[in-house]
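> First residue of the sequence shown? That's 881 in the numbering used here, and the numbers climb one at a time after it. Beta carbons: idealized from backbone N, C-alpha and C, even for Gly. Once you've had a glance at the structure underneath, I'll fire off some questions.
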Amino acid sequence: MTLEINDRTGYAYEDHFCAFRCLALHQGYDVKNFEGKTKQLFDKWTKFKGVKDFQGVEYRELSEFESSFEINVEVYALNLEGHVESVYKSRGRYEDTVYLHLYQALLHNVQDQSSEKVEWTHEHMPISVSICSNVPGFEEPHCLVNDNGDELVREMVGYMKDIAEKTELSQDESLPFSQLKGD
């Protein structure tokens, strides 16, 4: 949903409040009566930041924005080829997430996240793991890459078992010979 024009006045917004409007919409406020909530969110932000001259929420402030409102923020934009790419990825510290589209330096709320061409998922899928060890023979970092998560985990566990077996052999070699024979 684009938030460039005020529905009540018909004039373009010129106050740099797009992030707060998106947040108000995300919180369930209707576009026809969300200016009061937008102002409350802005006031909370200015108190949090101690801002006097506000020119909009900047990219470098998004982490603080998340902390202030206890919400994850995901920002996407279209690249020159028309493909969506991630501009800002939250660390996922909060239960709720707001998805925003960056267009011409304005943030827009992403409401319908699934369509005919897009299936929106938000899941963590491991595709690589790097293992380092101080066990002789395994000191070099070993990187495993597999887009099948189950296979990746099997490979990782197998490699870690190899390290564990080498560790057991190393411990046996360090014992006095008499202890190995059970004397």
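Just to confirm, are residue 910 and residue 951 a CB contact at a threshold of 9 angstroms?
Cβ atoms of residue 910 and residue 951: not closer than 9 angstroms.
> If distances are taken between C-alpha atoms only, which option among 933, 967 and 916 comes closest to residue 940?
Looking at the Cα atoms, 967 is the closest of the given residues.
> Going straight from the alpha carbon of residue 985 to that of residue 1028, what length do you get?
With a pLDDT of 43 at residue 985, under the threshold of 50, the modelled position of that residue is not reliable, and no figure is offered here.
> Do residue 1013 and residue 1024 have their CB atoms nearer than 9 angstroms?
No. Outside cutoff.
> Could you check which residue in 969, 982 and 936 has the C-alpha nearest to that of residue 1146?
The requested residue 1146 does not occur in the structure, where the chain is confined to residues 881 to 1063.
> Measure the beta-carbon distance from residue 946 to residue 937 and round it to whole angstroms, keeping in mind my assumption that it falls under 8 angstroms.
Rounded, the Cβ-Cβ distance is 11 angstroms, inconsistent with contact.
> On the criterion of 16 or more Cβ atoms from any shown chain inside 10 Å, does residue 1045 qualify as buried, or is it exposed?
Exposed.
> Classify residue 934: buried if its beta carbon has 16 or more other beta carbons within 10 angstroms, exposed otherwise.
Exposed.
> Please classify residue 898: does DSSP put it in a helix, a strand, or coil?
Reduced to three states, the DSSP call for residue 898 is helix.
> How should residue 958 be labelled, buried or exposed, when 16 other C-beta atoms within 10 angstroms of its C-beta is the threshold for buried?
Exposed, because fewer than 16 other Cβ atoms sit within 10 Å of the Cβ of residue 958.
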